[in-house]
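Please read the structure below before turning to the comments.
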């Protein structure tokens with residue numbers, strides 16, 4: 001990176017090194033060493049950043065570089081902001097009652113403590129497992145259910161076994177009917193048995209059922225025979241190299257420019273996104289995701305994962321491998337995190353950047369001349385993939401030559417499983433193998449869209465397509481329909497309605513398209529999804545407020561990046577997007593107007609994932625796609641100048657006929 | 001083709017030749033020559049075909065080959081079925097009151113007649129067009145509006161001008177405010193002016209406004225300067241060739257087998273679709289599409305196009321070009337149609353078959369070992385592209401290694417435009433260039449799914465995800481939810497509801513998945529769309545009954561392939577899917593049960609296309625996607641045996657760093 005980083009560049013290892021040295025002396029350290037959890041860029045206030053961005057050519061002093069440091073000092077969770085340039089503490093605060101995101105070292109300690117506990121060992125012994133079994137403990141964060149005081153960390157330990165020496169044997173195929181709770185002091189505080197059938201809310205002790213042992217649940221190639229051999233290689237060749245240009249974290253490609261950000265929590269974020277030098281979005285990121293399980297039986301309501309807030313999409317990002325996770329010419333971005341002792345930790349290849357062909361962008365054949373004009377659609381892809389215990393998620397931004405953006409989530413990996421008696425069925429889960437229940441659950445994502453459509457004063461228009469009155473003189477044949485549009489005036493959560501073709505447009509009312517006579521805008525192509533099923537008074541719902549509506553509109557605040565609040569670990573609710581809106585509505589001094597203001601649009605989407613056996617033992621990607629498309633923003637198709645598709649450039653290969661030659665009667669007349 | 005064609009093979013040119021010779025002598029020809037419109041396979045009755053398909057290895061006599069011949073004899077529209085093997089007429093019928101699909105020779109005659117009419121010429125002269133203008137007449141079929149007797153063909157003539165000598169100049173950019181009607185005898189029966197603004201239902205004669213002339217509406221490369229040069233080549237290389245094998249119309253690829261069909265009306269159809277030799281679908285095809293325009297002003301309610309029934313997806317299929325319409329190793333299928341004189345007409349390259357890479361199929365990293373297993377998703381694509389005057393549609397079937405099928409429609413081409421006074425705006429259209437209005441319209445597609453899920457007795461289950469009662473002892477924490485499923489008992493039209501996660505499954509209740517304990521099935525992934533906006537009593541709605549519901553379930557009938565009836569040209573309604581159901585409901589002798597029967601599922605989807613200026617002058621593809629996925633059909637992920645993704649096979653290329661080298665502090669600990 002250049003000596004002067006861009007205000008939106010993630011912290012460099014050098015800056016992390018500075019930030020790690022500053023807070024230590026500022027606190028007296030009585031009990032043990034400090035434990036670093038986070039050192040990340042505290043993004044500068046939008047006001048300052050916008051001034052910097054808009055100065056562009058001009059030499060302005062950049063906003064000061066602030067590092068956010070999360071650290072346990074004296075076993076208390078601190079947030080310390082460090083001015084990296086001045087090498088001084090900017091602010092420091094003890095986060096009472098809050099917990100940091102998952103700490104893998106801590107979780108490893110939990111596992112060890114659990115397995116060495118004598119009562120746990122006795123319980124396992126009582127299961128009479130096969131001799132070759134290796135017991136695996138899978139620690140999970142505790143989803144608040146109201147049965148415990150949340151001031152200390154509690155970890156749920158779920159038990160599985162492995163029946164093979166192979167370390168990658170699929171232990172999720174053998175869930176055991178035992179569960180334990182481990183305290184922050186690494187003490188096992190509770191051991192119980194899991195329910196085995198629908199009505200069985202407190203299970204009886206049962207002998208381990210040997211008939212549960214089954215042999216078709218492996219996914220690792222070492223453990224699978226008969227892989228298909230019919231798939232022939234398909235390679236992407238780019239003889240002149242990729243069409244993108246990258247300088248540091250700045251990407252330019254096919255009239256697009258943007259800056260790549262990355263942090264421990266959201267993973268990939270995108271900043272200052274422009275097309276043909278026109279401002280579109282200040283920031284795009286996945287704000288939060290929540291995976292509530294629908295199995296009502298105790299203790300399963302404790303399964304509810306905030307995979308960003310609790311686990312971190314950044315810290316769990318995969319090290320992507322050339323030729324495995326993408327094809328063609330690949331640029332990888334690395335990221336920097338921090339070790340528990342405060343050293344910068346390189347996370348290689350957390351984001352890949354490459355191009356894909358997406359079929360036809362546009363085509364027209366003039367039927368009078370027979371002349372066809374066809375262009376192919378090239379996309380720029382920015383991908384990050386995370387592993388959160390059993391599951392993985394691929395997060396992809398696609399940029400199109402027609403100025404469209406698509407955000408795709410692919411859910412894959414292994415289902416989280418629980419035991420079930422052989423022969424039993426329940427209405428809130430699918431039996432995917434004998435004795436293995438994959439409970440119903442939801443994946444709820446919240447995409448945060450911070451627009452800057454030709455500037456920072458934007459509005460949201462909600463448009464519906466509505467039949468004209470009939471019978472009526474203006475609609476004599478009953479075929480007429482019109483659009484009706486309303487600008488959202490105040491902060492609100494809204495829902496989708498495909499039956500009305502309800503469309504959400506982010507517009508700039510100050511900039512009118514001279515041809516259409518309407519404000520320039522971008523339209524949201526939502527992902528139609530069921531919202532959260534948990535009861536509004538449940539902890540699941542209270543903790544994931546964003547799950548209650550599909551589209552939210554709020555005023556911009558530097559403090560509001562995370563739709564379920566900053567600290568989701570064992571949170572109690574009341575900290576998310578609905579609370580922000582409600583609190584401002586109840587505060588006479590607060591502003592709640594969102595028309596022609598600096599606003600943020602949040603889109604909640606996902607899947608109600610009632611597993612099918614085809615998701616087992618490893619799940620083919622389930623895709624969810626959200627789009628953003630210009631709507632009367634440009635003066636024409638912004639991809640109109642994309643090169644015409646030619647065989648000279650594309651070099652396709654004709655596959656010959658192998659069947660016997662046909663008796664052909666050649667065409668007499670020209671055809672299209 | 002082999003000497004004995006498969007019963008589902010389209011007619012060979014030899015068979016077309018036979019079929020064309022048989023009907024001629026069977027009718028006395030008094031007035032003029034016969035005009036052939038269609039010679040196509042009359043698919044054998046399903047009962048016979050199923051017996052043939054299920055015999056498989058065994059040698060059974062195939063069902064007899066019947067050609068359906070549509071022909072004008074003595075100016076009457078005939079349907080003659082010819083037994084091609086016996087070379088005899090099987091049945092013959094005059095289709096009184098019906099019209100054949102669009103006849104391009106006829107349309108050309110209409111154009112000529114219109115332009116040579118003295119009153120038309122006078123009307124054009126009164127427009128005072130620029131000297132360099134060439135007037136273009138675009139004939140359209142007449143969408144019934146109740147203002148004319150429909151027994152004879154009426155053609156609407158819309159007027160445009162071209163302002164350049166280039167034959168591919170975009171005349172849709174200069175709509176003229178004149179319209180004419182031409183009769184079946186090629187007489188101009190009416191000339192009128194078009195409305196120029198919202199309230200202007202009968203327009204005044206106005207001088208042509210020279211300010212309408214605008215220069216940014218060309219799409220042809222000859223007429224465009226400054227094409228972007230930044231898009232570098234991207235090629236698909238398959239060093240060992242494609243993974244598919246094709247014999248005649250039979251395709252096998254990655255455990256899939258199917259037969260390709262093609263006819264003048266539906267274009268591509270797929271038959272006897274199996275995965276791993278297990279029966280899934282008897283027939284998949286686009287059944288119909290309708291494009292009703294929403295501009296209420298007379299005469300625009302006459303714009304309503306049945307692009308299959310009136311125009312034909314087969315006869316309008318593009319001759320696909322290597323390297324332009326797809327990348328990689330491409331197999332093309334030709335089709336055979338008929339000339340007006342009864343000769344077989346070759347339609348080359350109407351379907352392309354190739355493979356694409358679709359990113360990650362599945363991935364899992366064992367966080368305990370750091371070992372990742374990743375496979376890439378390869379798809380088989382079958383694509384056909386049609387041109388219907390101004391618009392094009394790409395129709396694509398995608399087959400996945402995970403036994404999923406996706407059907408995609410891409411709408412592209414040029415918007416149909418009408419004139420508007422400069423400065424005017426209307427609430428049912430978008431001004432895309434000065435004086436050019438792109439009226440609102442809908443694209444409504446109906447995908448016909450003829451299932452054969454492990455056999456021909458299938459049912460449709462409608463499942464919803466529903467919160468469990470709360471407070472309630474079985475749901476103490478308020479997080480529980482279950483699925484509730486109901487089997488559809490009788491023929492019906494149903495709607496989508498994403499808020500309830502309403503899922504439509506096609507199941508075989510006679511075959512229970514031994515692990516899940518539920519019937520084997522496939523799930524529909526619908527395309528959420530607004531249904532038809534025209535009033536139920538309008539001709540638009542009465543003629544396109546399928547547009548009233550998103551999912552229809554009917555009993556199988558050999559006669560019911562087309563959701564708006566067999567003859568849509570100037571149809572009056574009462575001939576489509578809702579009428580079939582209603583008629584059977586009212587007929588005491590008719591069967592209406594659809595549980596565990598031979599059924600058909602129809603999915604209506606599309607877009608309410610309120611144009612944006614970015615769709616002009618040629619529209620970037622708008623994608624609509626429908627999916628079919630196995631649901632508890634297999635015993636596990638059917639793509640589990642797909643080869644692991646490796647750089648050795650995929651040969652990706654690393655894009656190097658160009659920025660100055662960073663000060664790196666290397667990772668101390670292993671990371672995923």
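Residue numbers (full-length UniProt numbering), protein chains in the order written: chain A, 1 to 672; chain B, 1 to 672. Idealized CB from N, CA, C, for every residue including glycine.
Would you decide whether residue 319 of chain A is buried or exposed? Buried here means 16 or more other CB atoms lie within 10 Å of its CB.
Buried.
Same chain, Cβ closer than 6 Å to residue 249 of chain A, five either side skipped, listed in chain order
The answer, listed in chain order, is 9, 259, 260.
Measure from the alpha carbon of residue 434 of chain A to the alpha carbon of each residue in B/650, B/310, B/513, then state which is nearest.
B/513
Suppose only complete runs of 3+ residues qualify. What are the beta strand (DSSP E) ranges in the region 125 to 158 of chain B, listed by chain order?
134 to 141
With a threshold of 7 Å between beta-carbons, can residue 107 of chain A be considered close to chain B, or not?
no
Residue 616 of chain A versus chain B: which residues are under 8 Å apart at the beta carbon?
Here the neighbours are 636, 637.
So for residue 544 of chain B, helix, strand or coil by DSSP?
In the structure shown, residue 544 of chain B sits in coil (DSSP, three-state: anything other than H, G, I, E or B).
Per-residue burial, residue 189 of chain B [other beta carbons within 10 Å of its own, 16 or more giving buried]
exposed
For residue 18 of chain A, I'd like the list of residues in its chain whose CB is within less than 7 Å of its CB, leaving aside the five on either flank, ordered along the chain.
84, 87
Three or more beta-carbon pairs under 8 Å between the region 267 to 281 of chain A and the region 124 to 139 of chain A, yes or no?
no
Buried or exposed: which applies to residue 604 of chain B, given that a residue is buried once 16 or more other Cβ atoms fall within 10 Å of its Cβ?
buried
Short-range partners of chain A found in the region 592 to 623 of chain B, where Cβ spacing is below 8 Å
608, 610, 612, 613, 614, 615, 616, 617, 618, 619, 620, 621
Considering only DSSP beta bridges, list what residue 437 of chain B is partnered with.
B/418, B/431
Less than 7 Å between C-beta atoms, sequence neighbours within five positions excluded: which residues of the same chain meet that for residue 623 of chain B?
408, 410
Per DSSP, what are the beta-bridge partners of residue 278 of chain B in this structure?
Beta-bridge analysis with DSSP links residue 278 of chain B to B/275.
Measuring only the C-alpha atoms, how far is residue 335 of chain B from residue 343 of chain B?
14 Å
Does the separation of the CB atoms of residue 401 of chain A and residue 626 of chain A fall below 7 Å?
no
Closest to residue 529 of chain B by CA distance: which of A/500, A/537, A/167, A/16 is it?
A/500
Per DSSP, which residues does residue 461 of chain A bridge with? Please list them.
A/487, A/505
Please classify residue 266 of chain B as buried or exposed, where buried requires at least 16 other C-beta atoms within 10 Å of its C-beta.
buried
Counting pairs of beta carbons, one from the region 296 to 312 of chain A and one from the region 135 to 145 of chain A, are three or more of them closer than 8 Å?
yes
Whole-angstrom distance between residue 95 of chain B and residue 26 of chain B, CA atom to CA atom:
Caution applies to residue 26 of chain B, whose pLDDT of 47 falls short of 50 and renders its modelled position unreliable; the value that the coordinates give is listed next. Going from the Cα of residue 26 of chain B to the Cα of residue 95 of chain B covers about 16 Å.
Uninterrupted beta strand (DSSP E) stretches inside the region 25 to 86 of chain B (no shorter than 3 residues):
35 to 41, 66 to 73, 76 to 83
Looking only at C-alpha atoms, which of B/268, B/429, B/486 sits nearest to residue 733 of chain A?
Residue 733 of chain A cannot be examined here, being either before or after the span of chain A that is shown, 1 to 672.
Can you list, in chain order, the residues of its chain whose CB lies under 7 Å from that of residue 207 of chain B, leaving out five sequence neighbours each side?
Note that residue 207 of chain B scores a pLDDT of 49, beneath 50, so its modelled location is shaky; the value from the coordinates is reported in the next line. Answer for residue 207 of chain B: 128, listed in chain order.
In the region 116 to 135 of chain A, which residues sit with their C-beta less than 8 Å from some C-beta in chain B, listed in chain order?
none
Any 3 or more C-beta pairs closer than 8 Å across the region 106 to 119 of chain B and the region 40 to 60 of chain B:
Cβ pair count under 8 Å is below three, so no.
Taking the straight line between their C-alpha atoms, what separation do you get for residue 520 of chain A and residue 508 of chain A?
6 Å
In the DSSP assignment, the alpha helix (DSSP H) including residue 109 of chain B goes from what residue to what residue?
Counting along the chain, the alpha helix (DSSP H) containing residue 109 of chain B begins and ends at 104 to 116.
Would you report the Cα separation of residue 276 of chain A and residue 426 of chain A, rounded to the nearest angstrom?
For residue 276 of chain A and residue 426 of chain A, the distance between alpha carbons rounds to 55 Å.
If we ignore side chains and look at the alpha-carbon of each, how far apart do residue 5 of chain A and residue 349 of chain A end up?
20 Å
What are the residues in the region 404 to 419 of chain A lying within 9 Å of chain B by C-beta distance?
So the list reads 404, 408, 410, 412, 413, 414, given in the order they occur along the chain.
Below 8 Å, can you find three or more Cβ-Cβ pairs linking the region 628 to 648 of chain B to the region 570 to 583 of chain B?
With a cut-off of 8 Å, the region 570 to 583 of chain B and the region 628 to 648 of chain B do not count as touching, because too few Cβ pairs lie within range.
Would you identify the three-state DSSP class for residue 612 of chain A, choosing helix, strand or coil?
In the three-state DSSP reduction, residue 612 of chain A falls in the coil class, being neither helix nor strand.
Spatial neighbours of residue 138 of chain A within its chain, please: CB distance less than 6 Å, with the 5 preceding and 5 following residues excluded, ordered by chain position.
For residue 138 of chain A, where only same-chain residues beyond five positions count, the Cβ hits under 6 Å are 158.
Put residue 265 of chain B into one of helix, strand or coil per three-state DSSP.
coil
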